[in-house]
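J.: Encoded as structure tokens, here's the structure I'll be asking about.
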Amino acid sequence: MAEVALRNVTKRFDDVEAVRSISLDIPNNEFVVLVGPSGCGKSTTLRMVAGLEEVSAGDIYIGGELVNDLPPKDRDIAMVFQNYALYPHMTAFENMSFGLKLRKFSKEKIKKRVDSAARILDIVPLLDRKPKALSGGQRQRLAMGRAIVRDPKVFLFDESLSNLDAKLRVQMRTEIKRVHQMVKTTTVYVTHDQVEAMTLADRVVVMNNGAIEQIATPQELYHNPKTRFVAGFIGSPAMNFLRCRLEGNGTGRHVRLSDTIRLPVPASRAARYAALDSKELLLGLRPEHITEPRRSDRDQAREFAACTSTRKAARCSNPKYRELLRFRIAAKRRVRNP
Amino acid sequence: MSTAAGALRRAPLRASLSRNRRWALITSYVFLVIFAIFFLVPPYSMIVTALKSDAEVARMATNPWIIANGITFDQFRILLTQADFLIFFKNTLIVTLCVVAITMVVSVLAAFSLGRMRFWGSGILATGIFLTYLVPDTLLFIPLFQIVKAVGLLNSYWGMVLVYPTLTVPFCTWIMIGYFQSIPKELDEAALIDGASHMQMLTKIFIPVALPGIIAATIFAFTVSWAEFVYPMAFLYSPDQQVLTVGTVMSLIRADVYKWGMLMAGALIAAAPPLVIYAFLMDYYIAGLTAGATKG
Ligand SMILES: Nc1ncnc2c1ncn2[C@@H]1O[C@H](COP(=O)(O)OP(=O)(O)O)[C@@H](O)[C@H]1O
Ligand SMILES: [Mg+2]
Chain A
539 MAEVALRNVT KRFDDVEAVR SISLDIPNNE FVVLVGPSGC GKSTTLRMVA GLEEVSAGDI
599 YIGGELVNDL PPKDRDIAMV FQNYALYPHM TAFENMSFGL KLRKFSKEKI KKRVDSAARI
659 LDIVPLLDRK PKALSGGQRQ RLAMGRAIVR DPKVFLFDES LSNLDAKLRV QMRTEIKRVH
719 QMVKTTTVYV THDQVEAMTL ADRVVVMNNG AIEQIATPQE LYHNPKTRFV AGFIGSPAMN
779 FLRCRLEGNG TGRHVRLSDT IRLPVPASRA ARYAALDSKE LLLGLRPEHI TEPRRSDRDQ
839 AREFAACTST RKAARCSNPK YRELLRFRIA AKRRVRNP
Chain B
-3 MSTAAGALRR APLRASLSRN RRWALITSYV FLVIFAIFFL VPPYSMIVTA LKSDAEVARM
57 ATNPWIIANG ITFDQFRILL TQADFLIFFK NTLIVTLCVV AITMVVSVLA AFSLGRMRFW
117 GSGILATGIF LTYLVPDTLL FIPLFQIVKA VGLLNSYWGM VLVYPTLTVP FCTWIMIGYF
177 QSIPKELDEA ALIDGASHMQ MLTKIFIPVA LPGIIAATIF AFTVSWAEFV YPMAFLYSPD
237 QQVLTVGTVM SLIRADVYKW GMLMAGALIA AAPPLVIYAF LMDYYIAGLT AGATKG
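Chain order of the listed sequences is A and B.
So that you can map any letter, position 72 of the first sequence is 610 in my numbering, and since no number is skipped, the others follow by simple counting.
So that you can map any letter, position 213 of the second sequence is 209 in my numbering, and since no number is skipped, the others follow by simple counting.
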């Protein structure tokens, strides 16, 4: 139960700058997801909050207290690791009570806490088993149980679901959300999976190359990406990028894609883009926004309908779509994602 | 239809697989038997000789591989009533237990800090420790003689407690470093977050998790110090300080008179404790040797 704040936090490993001066405010009880491609510095950021890595520069506050020089055990945080990091020689009960025992809780209090955490996670019958005798999902629950018995100020998750198969992952996602609603605690969750980020987060922090690209709610992120990277990263199948030119005339503005294709800019935005008239721009077009032509757009629609290839959507992570269509607008007009 | 065809096509493959397997089994059994005979002949000869009377051993005419004149426990009886042998045994026991204790404390602590707490030069230090293991005791005893003499432990089995760890600590440390490194890093991070100090991390997480490795290292240290020959040979000379290995040989070989029966009986008794230890810890030992091969 505390807010977390990062102020210009930087982490250098020798000559690699893994995290570049990031600032982030997480209010009490918020569920924040750090998302970004592999190697962008998410884990490093999380580990600095946990105290497992020292910051190279900048400050980290937990509950208003500067924790830069506090060891992990004094930060009152709990972390769930990707490989769970359960103590293999201890039973589930001992795993969960280890932290409490070290903090000199009384036997009755430990029992009470473990029992209530186990009930929340539905692992009461498993308490005297060792991790080896648990399934992947059960280990995941136990790892979460070990975190919540401590009743910490902050939960930290690092790719905690990526060891599970797809079905279990979806199930555990809801589980995590449910637990967060029961045990209201500030949560920082790291993942490279944008679907996980979009479904879990109150707010998403998109990172790239050690820096924050955008901090926003999932809705906001999807509809108003601030940078080209965010636009391309969020959404599956990914957004299309098309070279275009903005053309202004008396009545309104158009985005010209080719000699024959132009799309009108909605009147509500036309004025905002005035400064960009006759500039070369990139148009971001989400695949799901391409629809059957309406009657009024028939002429242009014919151009689009020159479908050049169809591909089974097997590689597309969104099960809503069955096939990917590829359109050619004009030679060399298509822009690859970054 | 198609499945039938599939089965047909697969049938010869399965047959050749099982033929392959049979040959592999036959070959491995042949070699197993050869090696078993090879390794079991010396202990067999020891047992047979130890159970014979002196008279029979001395008689050249009899077959050395069988006991013709009946089993006798005289060799054991004489050996065990002879005061010297029991003193040797006691000395060896004291030395070995001390050495094992010292070795395990030193090497577990060393391995934990070298393998787990990154600090400047820890990698080089770890390699250096292993390199000292490569120096044979047959070379090391010369400088060690000076040291043992300087601390006044020449001709005292406490000197052995001082020098044996030079043989056991490097290898045990090396085993333990490997073992500790195979424990995922997240485990100590989890313990750190749970509030464990480095010492608690060692005693509550690392030692229990690495128990098979620790047992393997213990067996190694036990075997080495139980069987060490060069150092007691060089540093001990009075019977009341002597250990089993050298003591047995010294007291039972007088000039060119070999008391074969008693030598073998002594060797058998001397070999018993390591055997007992192995028997108890074998499962752990094997688990320790194959550690890291699979993830538990
Ligand atoms: N202990 C380390 N030593 C050196 N470089 C590191 C270390 N940890 C991470 N890095 C580097 O920092 C960058 C960010 O890593 P990380 O935070 O693990 O990325 P992510 O979790 O987003 O995939 C990577 O380029 C990685 O190689
Ligand atoms: Mg990571």
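Built from N, CA and C at the ideal position, the CB exists for glycine as well.
Remember, it's a predicted structure, so these values are computed and weren't measured experimentally.
What are the residues of the region 172 to 196 of chain B that lie near chain A, defined by any Cβ-Cβ distance shorter than 7 Å?
T.: PRO180, GLU182, LEU183, GLU185, ALA186, LEU188, ILE189, ASP190, GLY191, ALA192, GLN196
J.: Measuring only between beta-carbons, confirm whether B:PRO166 sits less than 8 Å from chain A.
T.: no
J.: To the nearest angstrom, how far is the alpha carbon of B:ALA287 from that of B:GLY209?
T.: Reliability of the predicted coordinates at B:ALA287 is poor, the pLDDT of 47 falling under 50, and no value is obtained from them.
J.: Assign B:TRP116 to one of two classes, buried (16 or more other C-beta atoms within 10 Å of its C-beta) or exposed (fewer than that).
T.: exposed
J.: If A:HIS730 sits next to A:SER576, beta carbons under 8 Å apart, how far is it from one beta carbon to the other, in whole angstroms?
T.: 6 Å
J.: Mind checking the region 585 to 599 of chain A against chain B and listing, in chain order, the residues whose C-beta falls within less than 9 Å of any C-beta there?
T.: Answer set for the region 585 to 599 of chain A: ARG585, ALA588, GLY589, LEU590.
J.: Name the chain A residues whose beta carbon is nearer than 8 Å to that of B:VAL205?
T.: From the beta-carbon of B:VAL205, the residues of chain A found nearer than 8 Å are TYR625, PRO626, HIS627.
J.: Mind listing which residues have their beta carbon within less than 5 Å of any non-hydrogen atom of ligand 1? Chain order is fine.
T.: A:PHE551, A:ALA556, A:SER576, A:GLY577, A:CYS578, A:GLY579, A:LYS580, A:SER581, A:THR582
J.: Around the Cβ of A:HIS718, are there at least 16 other Cβ atoms within 10 angstroms (buried) or fewer (exposed)?
T.: buried
J.: Below 8 Å CB to CB, which residues in the same chain sit around B:PHE216 once its five sequence neighbours on both sides are set aside?
T.: THR164, PHE167, CYS168, ILE171
J.: Relative to the alpha-carbon of A:ARG641, which residue among B:ALA187, B:LEU232, B:VAL253 has its alpha-carbon at the smallest distance?
T.: B:ALA187
J.: Would DSSP call B:ARG301 helix, strand or coil?
T.: This structure does not reach residue 301 of chain B, given that chain B is present from -3 up to 292, and the question cannot be answered.
J.: I'd like to know whether the C-beta of B:ILE201 is nearer than 8 Å to at least one C-beta of chain A.
T.: Yes, because at least one Cβ of chain A sits closer than 8 Å to the Cβ of B:ILE201.
J.: Give me the Cα-Cα distance between B:ASN151 and B:TYR227, rounded to the nearest whole angstrom.
T.: 11 Å
J.: Taking the alpha carbon of A:GLU541 as the point to measure from, which residue in A:ALA739, A:ILE615, A:PHE643 has its own alpha carbon closest?
T.: Of the listed residues, the one whose Cα sits closest to A:GLU541 is A:ILE615.
J.: Check B:PRO235 in the structure and name its three-state DSSP category.
T.: Helix, per DSSP.
J.: So A:ASN893 is in the beta strand (DSSP E); what residue range does that whole segment cover?
T.: A query on residue 893 of chain A cannot be resolved here, the shown segment of chain A reaching from 539 to 876 and no further.
J.: Does at least one heavy atom of ligand 2 sit under 7 Å from the Cβ of A:VAL728?
T.: yes
J.: Against chain B, does A:LYS580 count as a neighbour if the rule is that its beta carbon must be under 8 Å from one of theirs?
T.: no
J.: Between the C-alpha atoms of B:ALA32 and B:VAL272, what's the straight-line distance to the nearest angstrom?
T.: 20 Å
J.: According to DSSP, simplified to helix, strand and coil, what is A:THR725?
T.: DSSP places A:THR725 in the strand class (E or B) of the three-state scheme.
J.: Apply the 10 Å Cβ neighbour rule to A:LYS850 and answer buried if 16 or more other Cβ atoms are within range, or exposed otherwise.
T.: The predicted position of A:LYS850 is uncertain, since its pLDDT is 46 and thus under 50; a value taken from the coordinates is nonetheless stated next. By the 10 Å Cβ count, A:LYS850 comes out exposed.
J.: Given this structure, state the Cα-to-Cα distance separating B:GLN78 from B:ILE249, to the nearest angstrom.
T.: 15 Å
J.: Between which two residues does the alpha helix (DSSP H) holding B:TYR129 run?
T.: 118 to 129
J.: Below 7 Å, is the gap between the Cβ of A:GLU591 and the nearest heavy atom of ligand 4?
T.: Ligand 4 is absent from the structure shown, which contains only ligand 1 and ligand 2.
J.: Report the start-end ranges of each beta strand (DSSP E) in the region 578 to 648 of chain A that is 3 residues or longer and not cut off at the edges.
T.: 595 to 600, 615 to 618
J.: Residues of chain B with CB closer than 7 Å to the CB of A:ASN621, please, in chain order.
T.: PRO180, GLU182
J.: Might you give, ordered along the chain, the residues of its own chain that have their beta carbon closer than 6 Å to the beta carbon of B:TRP222, omitting 5 neighbours on each side?
T.: Listed in chain order, the non-local C-beta contacts of B:TRP222 below 6 Å within the same chain comprise THR92, PRO270, local neighbours out to five positions each way being set aside.
J.: A:ILE615 versus chain B: which residues are under 9 Å apart at the beta carbon?
T.: ILE189
J.: Just to confirm, does A:CYS713 get its C-beta within under 7 Å of one of the non-hydrogen atoms of ligand 2?
T.: According to the sequence shown, residue 713 of chain A is Glu rather than Cys. Not so, every heavy atom of ligand 2 lies at least 7 Å from the Cβ.
J.: Check the Cβ-Cβ distances between A:LYS705 and every residue of chain B, and say whether any is below 8 Å.
T.: no
J.: Quick one: which chain B residues come within Cβ less than 7 Å of A:PHE636?
T.: ASP190
J.: Quick one, which of B:ASN87, B:MET42, B:SER109 has its alpha-carbon nearest B:TYR175's?
T.: B:SER109
J.: Is there at least one Cβ from chain B nearer than 8 Å to A:LEU640's Cβ?
T.: So, interface residue.
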